[in-house]
Amino acid sequence: MSRDVDVDVPGPVAVRMEISQSKYLSAAKGEQEMHAILTVRVDGTEGGAGAGPLLAQILAVDCSSSMDFPEEKLRAARRAAVAALRILPDGTPFAVIRGAETAAVAYPPDGAMVRADARRRAEAEEAVYRLVAAGGTCMGAWLELSCQLLEEQDAPIGHVLLLTDGKNQHDALKPLDGVLGKCAGRFVCDAWGIGDGWDGRELLKITRHLHGSAGSVREASALREEYEKLMHRLLTKSVPELVISVTPEDGAAVRYVKQVFPAEAELASGGGQDGGPQRFVTRAWGDETRRYQLCLSADPAGREPGKDLPLALVAVEVPGGEGVRLPMPLACVAHWTDDPALSRYTDVQVGHFERHQLLGEAIAAATDAHRNGEHDLAERKLGQAVRLAHGMGGAGPLGRLERLVEIVDAVEGRVRMRPGVAAVDFEHLITASSHSTYGPASAPGCGTAPAGPAGGTMPCPACEKKAPVTARFCPSCRHRFGERP
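Numbered continuously in this note's numbering, the sequence shown closes out at residue 485.
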């Protein structure tokens, strides 16, 4: 089922929301989970306030000793940082952090963020070119200093662009887990890997907590262009916060809301006492679409079967966004049924993102096996990833997997590991797998969406093959459409 709503009220920025779910739950199984995909779209941000004053920017550059081996890594890091500085609009508060086992402000000299202008950008460039490689790696220290600097700014969008070439080997000096807990909700962080010694899952831990994205470059020379593209995208953001509010009905509870597109991110809940609304804050929006997986628990006890019953009301808010066109709240519903063909049906979008999660798990397992020297297990797990990617229709994931394996049979997941595959190849695969595909569009006939035109088709809930929307039974498996899913 897919529903979307928009309202026409004054304001240059408009928000749209859609819920896609299969409403049917088994009346015989007790408490169950209901999953839905929320699609949120923001348009019209280019007509909002200028991006410069909204942004406060920190560049955190890894200056550990390994950045000099080879020297091209540090040279590329300097060039990329300078390119990012040159893009900053006048008036943007900014700073550059030198990261090692400790963190220090490389610019400005007095340690406090300054507002960009031609003179300060030139001074910052000189400071970046003076950076030298020495020391270890403690990313918790880099992020803690970033948080302290950004707390002194009133810009509504704080952003950290972090680059590393190594693992977080000095974590004990400033444990990353504790720092991430303190920094969550304070700023957005994008993290990049360069060279061949970084850990993709460390980058993902950072970006999932801080609502950014993880990336990497195979060639150091490509970093500058990636930084330029990222900064240009960042400067289109003019909606600092958008809140997803979920109010459960009696007998239902919110398990979680997490971002699944364009990159995976964890969302912490605020509120929700005594059955009230739970609020999930998302940050830094431009003209873009994001998708979230909502998980609710529900119990059929005392619920009337055969009817659509609301489980939760979902709304979006833009704090301080006077004049923003907001959608009407939408209900996530349940329909308790004794028909197993209906209750086992999975919504198309929910199924897509669940398979994407399995894809990431298969890649992580392959990475661990390769690290442990278990070549055959790594190959099998990569084969599993190929099978999942093929089933999703994911050309991008398949192309990345083909760098590591020769695909013998994508449907069956039979592959051969290519010779010369290195550990860093798996790290690139891990970071790339955190960027999900958009997923299938809402399909006619999914959930409880109205039937399409007479010539349309719908998936059979029993065998998933196509059937005419006007049919009384499935022509493939003969399942009767007593209730249309």
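Quick reminder that beta carbons are idealized off the backbone N, C-alpha and C, glycines included.
- Under DSSP, T337 takes part in a beta bridge, and its partners are S26.
- The beta carbon of D117 is closer than 6 Å to those of D90 in its chain, skipping five residues each way along the sequence.
- Cβ-Cβ distances below 8 Å link L54 to A155, P156, I157, K237, S238 and P240 in the same chain, with the five nearest sequence neighbours on each side left out; the list follows chain order.
- For F280, the enclosing beta strand (DSSP E) starts and ends at Q278 to W285.
- For S216, DSSP records a beta bridge to G193.
- Residue L342 holds the alpha-carbon nearest to the alpha-carbon of A28 among L342, E72, A389 and C189.
- Cβ-Cβ distances below 8 Å link T431 to G193, G200, L203, L204, A214, G215 and S216 in the same chain, with the five nearest sequence neighbours on each side left out; the list follows chain order.
- By the neighbour-count definition (other C-beta atoms within 10 Å, threshold 16), Q293 is a buried residue.
- One thing to note: S297 has its Cβ no nearer than 8 Å to the Cβ of A76.
- For A112, the number of other beta carbons within 10 angstroms of its own is below 16, and it is reported as exposed.
- Look at the beta carbons and you see the segment 166-180 not touching the segment 391-403: under three pairs across the two are nearer than 8 Å.
- Burial state of F353 is buried, judged by a 10 Å Cβ sphere holding 16 or more other Cβ atoms.
- Unbroken alpha helix (DSSP H) stretches of 4 residues or longer found wholly inside the segment 291-345: 340-343, given in chain order.
- Annotation: K237 is outside any beta strand (DSSP E) and is labelled neither H nor E by DSSP.
- Looking at V350, Y438 and A385, the one whose alpha-carbon comes closest to that of T367 is A385.
- A distance below 6 Å between beta-carbons, with the five flanking residues on each side excluded, links T282 to the following residues of its chain, in chain order: L242.
- Distance between L429 and H209, taken at the CA atoms: about 20 Å.
- No Cβ-Cβ contact shorter than 8 Å links D308 with G251.
- Burial of K381 is indicated by the presence of at least 16 other C-beta atoms within 10 angstroms of its C-beta.
- Distances from the CA of D339 to each of L25, T247 and E126 were compared; the closest alpha carbon is that of L25.
- With contacts defined by Cβ atoms closer than 8 Å, L150 and A56 form a contacting pair.
- Residue state for V132 is assigned as coil, using DSSP reduced to three classes.
- For V82, the secondary structure class from DSSP, reduced to helix, strand or coil, is helix.
- In this chain, the beta strand (DSSP E) harbouring F94 covers P93 to G99.
- In the DSSP assignment, H390 is bridged to no other residue.
- Counting only the Cα atoms, V260 lies some 9 Å from Y438.
- For K205, the enclosing alpha helix (DSSP H) has its first and last residue at G200 to H209.
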